[in-house]
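Engineer:
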Amino acid sequence: MSGSVFALLMLAAALHASWNIMIKAAASAWFGTVLVAGCASLLALCALPWLPAPAEASWPFIGTSVVLQLLYLWLIARSYGQADLGLVYPVMRGTAPLLVALCNVVVLGERLSGMALAGIGVLCAGLLGMAASVLKERRKGLWLALLNALVIAGYTLVDGVGVRLSAAPLSYTLWIFLLCGLPLPLWAVLRQAAALQRAWQQDWWRGLLGGLGTISSYGIALWSMTRAPLAVVAALRETSILFGLLLAWLLLGERAGRLRLLAAAVMVLGACLLRLA
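Numbering of the sequence shown is given in my numbering, commencing with residue 376 and proceeding in unit increments.
Structure (structure tokens):
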């Protein structure tokens, strides 16, 4: 993997952790999710008229991805409403790359080097290690995190194929966010308009920053999938937990024990192996 792609994926990881923190720090995890999705949709709407349309062959993948990502957003809101970021985030993000790597080889036939496979394994072991200390104390929300791991693996594989067919990675990304961002705010306006208005007044800036962060993060990841093996990109993107750990400590007051710090070191080793693969 080239140094430039690796560096961009590290940026994507930092951005991904940032928008998850925005949701967790909001007064309501559900309305935080609605605001981030809605703002991302608005930003996409402003940019799309200036960009070429994705190739026709990629539209079925866009549609499938939208359905999966709506489910992902709903599960994110439910998970963060029930459990600590320190449990939910590493479980769902640490399990997904293993599923992607398996399906990538079996379904798509994309071969990986021994170094790449080792890097993915080590990185995911570190991710799951992050959850181990929390898991000993509380398991509430665990099943939602595991279910979301399946959803993440699904839309990652779908988009990995779709973006390569699109011939326009940025447009492909923005159409997904435009279509994903519409249903949640519309539902909230129809069912919970007063509560949504209060959430906007309190957390509008989190919605805007989170929307920009999620578009940028996933856009970089999809572009990288046109330059590197899908499974490697999916695994490296999950180094976002390192940034999430730091932000959760600084902004949310969630402590990092010895086990989490050891797991972080294991993740760094996995990322280094992938950089050398």
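We put the CB at the ideal spot given by N, CA and C, even for glycine. No experiment lies behind these values; they were computed from the predicted model shown.
Under 9 Å between the Cβ atoms of Phe552 and Leu418?
Structural biologist: yes
Engineer: Thinking just about the alpha-carbon of each residue, which of Leu532, Arg453, Leu462 is nearest to the one in Met505?
Structural biologist: Leu462
Engineer: Could you name the residues of the same chain whose beta carbon sits closer than 6 Å to that of Ala528, not counting the 5 residues immediately before and after it, in chain order?
Structural biologist: Ala471, Leu474, Val475
Engineer: With respect to the alpha helix (DSSP H) encompassing Thr548, which residues constitute its N-terminal and C-terminal limits?
Structural biologist: 544 to 556
Engineer: Inspect the CB distances between the region 391 to 404 and the region 582 to 601 and report whether three or more fall short of 8 Å.
Structural biologist: yes
Engineer: Quick check on DSSP: helix, strand or coil for Ser488?
Structural biologist: Ser488 carries a coil assignment under DSSP once its states are collapsed to helix, strand and coil.
Engineer: Output the distance between the C-alpha atoms of Leu549 and Leu420, rounded to the nearest integer angstrom.
Structural biologist: 8 Å
Engineer: Pair every Cβ in the region 525 to 544 with every Cβ in the region 431 to 446, then say whether three or more of these pairs are closer than 8 Å.
Structural biologist: In this structure the region 525 to 544 touches the region 431 to 446; the number of beta carbon pairs closer than 8 Å is three or more.
Engineer: Identify whether Arg602 lies in helix, strand or coil by the three-state DSSP scheme.
Structural biologist: In the three-state reduction of the DSSP assignment, Arg602 falls in the coil class.
Engineer: Where does Leu561 fall in DSSP's three states?
Structural biologist: For Leu561, the three-state secondary structure derived from DSSP is helix.
Engineer: By a C-beta neighbour count over all protein chains shown, 10 Å radius and 16 as the cutoff for buried, is Gly489 buried or exposed?
Structural biologist: exposed
Engineer: How far does the alpha helix (DSSP H) with Trp624 in it extend, from its first residue to its last?
Structural biologist: Looking at the DSSP string, the run of the alpha helix (DSSP H) that includes Trp624 is 615 to 626.
Engineer: Nearest to Val482 by CA position, among Leu649, Ala606, Ala646, Arg650, is which residue?
Structural biologist: Ala606
Engineer: Can you tell me the Cα-Cα spacing of Ala402 and Ala563, whole angstroms?
Structural biologist: 16 Å
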